[in-house]
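Peer 1:
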Amino acid sequence: MQAQALNRADAIETDAVIVGAGPVGLFQVFELGLLEIKAHIIDSLAYPGGQCIELYPDKPIYDIPAVPMCTGKELTDSLLKQIEPFGATFHLGQEVTTVEKQDDGRFYVATSKGAQFLAKALFIAGGVGSFQPRLLKVEGIEPYEGEQVHYRVKDPARFAGKHLVIVGGGDSAVDWALNFCAGNADGNPHKAEGIDERDGRLAGLKITGNDGVTRVVPCDEVLVFFGLSPKLGPIADWGLALERKQIVVDTEKFETSVPGIFAVGDVNTYPGKKKLILSGFHECALAAFGAAPYVFPDKRIHLQYTTTSPKLHKVLGVESPVFD
Numbered sequence: 001m002q003a004q005a006l007n008r009a010d011a012i013e014t015d016a017v018i019v020g021a022g023p024v025g026l027f028q029v030f031e032l033g034l035l036e037i038k039a040h041i042i043d044s045l046a047y048p049g050g051q052c053i054e055l056y057p058d059k060p061i062y063d064i065p066a067v068p069m070c071t072g073k074e075l076t077d078s079l080l081k082q083i084e085p086f087g088a089t090f091h092l093g094q095e096v097t098t099v100e101k102q103d104d105g106r107f108y109v110a111t112s113k114g115a116q117f118l119a120k121a122l123f124i125a126g127g128v129g130s131f132q133p134r135l136l137k138v139e140g141i142e143p144y145e146g147e148q149v150h151y152r153v154k155d156p157a158r159f160a161g162k163h164l165v166i167v168g169g170g171d172s173a174v175d176w177a178l179n180f181c182a183g184n185a186d187g188n189p190h191k192a193e194g195i196d197e198r199d200g201r202l203a204g205l206k207i208t209g210n211d212g213v214t215r216v217v218p219c220d221e222v223l224v225f226f227g228l229s230p231k232l233g234p235i236a237d238w239g240l241a242l243e244r245k246q247i248v249v250d251t252e253k254f255e256t257s258v259p260g261i262f263a264v265g266d267v268n269t270y271p272g273k274k275k276l277i278l279s280g281f282h283e284c285a286l287a288a289f290g291a292a293p294y295v296f297p298d299k300r301i302h303l304q305y306t307t308t309s310p311k312l313h314k315v316l317g318v319e320s321p322v323f324d
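In this note's numbering, the protein residues as written are 1 to 324.
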């Protein structure tokens with residue numbers, strides 16, 4: 001939807017808009033919340049979690065401080081629990097289509113579903129962009145995508161007891177093959193050439209082996225793991241300084257070339273950048289303090305600690321400890 005077709009009088013006025021609901025975007029809500037900065041968060045996926053949910057919901061993560069091991073889903077769930085006190089509003093399943101700086105210094109933001117915002121600060125936490133699966137190029141397969149042909153495993157229990165064909169040779173394909181097959185699988189190289197249909201359903205996949213013979217492998221479901229292609233999307237058109245499709249930021253506030261727009265997580269670049277979740281968390285803290293003067297221009301922001309600050313305890317909705 002084009003911005004011109006929208007009534008800007010309907011725009012939601014807020015302190016901040018965060019683009020991206022992955023782990024770094026979620027933690028940005030927390031760091032802003034400690035400074036009493038209210039946020040709305042937008043993501044192209046239909047659920048929060050970003051790469052953690054889209055790529056490795058059940059895989060272990062070992063490098064989150066003080067958490068010896070958690071899965072992508074567990075990390076997402078913990079972050080959602082952590083930001084509950086701040087009441088951030090989620091706008092999921094939509095992309096930001098318009099970003100325009102207004103005369104009063106605020107940013108007008110519009111999405112593909114017609115949501116509109118006027119924000120004092122904008123945070124881009126879009127990871128490496130939206131992920132699009134590399135599709136299985138077999139004639140006639142399209143009608144079965146989403147029903148019997150899948151590019152990710154949302155619910156492993158769905159496939160229990162079914163005859164699966166897994167296509168792909170990367171880590172994800174091998175991991176899921178081992179997960180599902182319990183040691184009984186044919187791992188020989190084959191090329192998918194076509195499909196076998198019966199009664200309006202996908203009944204098999206035609207494959208050609210190294211011997212040149214084409215066979216039909218019966219199947220109930222097909223899992224395709226050809227990898228995902230990241231696309232920066234509309235962010236590339238927002239007038240920000242880019243370097244190799246990443247947003248250039250300073251390392252004091254993680255502010256972009258446009259004052260008032262900040263970039264945190266895998267989407268940004270600076271000397272020594274490391275694409276780690278914990279690095280993104282660090283960036284969120286400094287970006288929040290960097291944005292505070294835009295949100296509260298007449299207020300001096302003091303560093304406070306969640307261990308001792310009654311004000312932060314009130315913001316978090318917890319009781320201040322009493323020491324004997």
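Glycine residues also receive a C-beta, built at the ideal position from the N, C-alpha and C atoms.
#1: Can you check whether the CB of V264 is closer than 8 Å to the CB of A115?
#2: Kindly indicate which three-state DSSP category G265 falls into: helix, strand or coil?
#3: DSSP on L278, reduced to helix/strand/coil?
#4: What would DSSP say about K120, mapped onto helix, strand or coil?
#5: Tell me which residues share the same chain as G161 and place their Cβ nearer than 8 Å to its Cβ, disregarding the 5 neighbours each side in the sequence.
#6: Helix, strand or coil: which one does DSSP assign to T308?
#7: May I ask which residues mark the beginning and end of the beta strand (DSSP E) holding K206?
#8: Count the other C-beta atoms from every protein chain shown that fall within 10 angstroms of the C-beta of C327, then say buried if there are 16 or more, exposed otherwise.
#9: Taking Cβ to Cβ, would you say L75 is nearer than 8 Å to I83?
#10: Am I right that K38 and D15 are in contact with their C-beta atoms under 8 Å? What's the rounded C-beta distance?
#11: From P297, Y47, K137 and G204, pick the residue whose C-alpha is nearest to that of V222; which is it?
#12: Return the CA-CA distance between L312 and I166, expressed in angstroms with no decimal places.
#13: Within 10 angstroms of the Cβ of P310, are there 16 or more other Cβ atoms? Answer buried if so, exposed if not.
#14: Nearest to D70 by alpha carbon, out of L80, D58 and A192?
#15: By DSSP, does D43 sit in helix, in strand, or in coil?
#16: Let me know if D298 comes out buried or exposed under the rule of 16 or more other beta-carbons within 10 Å of its beta-carbon.
#17: Grab the span of the alpha helix (DSSP H) containing E145 for me, first residue to last.
#18: Note down, one range per segment and in chain order, each alpha helix (DSSP H) of at least 4 residues found wholly within the segment 40 to 95.
#19: Beta-carbon within less than 7 Å of C284's beta-carbon, same chain only, minus the 5 sequence neighbours each way: which residues are those?
#20: Checking the sheet assignment: what are the DSSP bridge partners for D196?
#21: Taking buried to mean at least 16 other C-beta atoms within 10 Å of its own C-beta, is H150 buried or exposed?
#22: Opposite H150 in the DSSP bridges: which residues?
Peer 2: Checking against the coordinates, here is how it stands:
#1: One-based indexing of the sequence shown puts residue 115 at position 115. One-based indexing of the sequence shown puts residue 264 at position 264. When the beta-carbon positions are compared, A115 and V264 stay at least 8 Å from each other.
#2: Here residue 265 corresponds to residue number 265 of the sequence shown, with the count starting at 1. The answer is helix: DSSP assigns G265 an H, G or I state.
#3: Numbered from its first residue, the sequence shown carries residue 278 at position 278. Reduced to three states, the DSSP call for L278 is helix.
#4: The residue labelled residue 120 in the question sits at position 120 within the sequence shown. In the three-state scheme derived from DSSP, where H, G and I count as helix and E and B as strand, K120 is classed as strand.
#5: Along the sequence shown, one-based indexing puts residue 161 at 161. Cβ contact annotation for G161 (same chain, cutoff 8 Å, sequence separation greater than five): none.
#6: Along the sequence shown, read from residue 1 onward, the residue named residue 308 stands at position 308. T308 carries a coil assignment under DSSP once its states are collapsed to helix, strand and coil.
#7: To locate residue 206, count along the sequence shown from 1; it is residue 206. Residues R201 to G209.
#8: Within the shown structure, residues of the chain are numbered from 1 to 324, placing residue 327 beyond reach of any answer.
#9: Residue numbering aside, residue 75 sits at position 75 when the sequence shown is read from its first letter. Residue numbering aside, residue 83 sits at position 83 when the sequence shown is read from its first letter. Note that the C-beta distance between L75 and I83 is not below 8 Å.
#10: Within the sequence shown, the letter at position 38 stands for residue 38. Within the sequence shown, the letter at position 15 stands for residue 15. The C-beta distance from K38 to D15 rounds to 5 Å, short enough to meet the 8 Å contact threshold.
#11: Taking the first residue of the sequence shown as 1, we reach residue 222 at position 222. Selected option, being the one with the closest Cα: G204.
#12: As a working mapping, residue 312 is identified with position 312 in the sequence shown. As a working mapping, residue 166 is identified with position 166 in the sequence shown. One C-alpha to the other measures close to 50 Å.
#13: Within the sequence shown, the letter at position 310 stands for residue 310. It is exposed - the Cβ of P310 has fewer than 16 other Cβ atoms within 10 Å.
#14: Walking along the sequence shown from the start, residue 70 turns up at place 70. Asp is not the amino acid found at residue 70; the sequence shown has Cys there. Minimum Cα distance to C70 is reached at D58.
#15: In the sequence shown, the residue the question calls residue 43 occupies position 43. Correct three-state label for D43: strand.
#16: Within the sequence shown, the letter at position 298 stands for residue 298. The C-beta of D298 has fewer than 16 other C-beta atoms within 10 Å across all chains shown, which makes the residue exposed.
#17: Locating residue 145 in the sequence shown gives position 145, counting from the first residue. For E145, there is no enclosing alpha helix (DSSP H), as DSSP gives it neither H nor E.
#18: As summarised for the segment 40 to 95, the continuous alpha helix (DSSP H) elements at least 4 residues long and confined to that stretch are 51 to 54 and 72 to 82, given in chain order.
#19: Here residue 284 is taken as the residue at index 284 of the sequence shown, counted from 1. Annotation for C284: V24, F27, Q28, E31 and V264 place their beta carbon closer than 7 Å to its own, counting only its chain and skipping 5 residues before and after.
#20: Taking the sequence shown and counting its residues from 1, one reaches residue 196 at position 196. According to DSSP, D196 bridges with G204.
#21: Here residue 150 corresponds to residue number 150 of the sequence shown, with the count starting at 1. Classification of H150: buried, given that the 10 Å Cβ count is 16 or more.
#22: As a first step, residue 150 is located in the sequence shown; it is residue number 150 there, counting from the start. L223.
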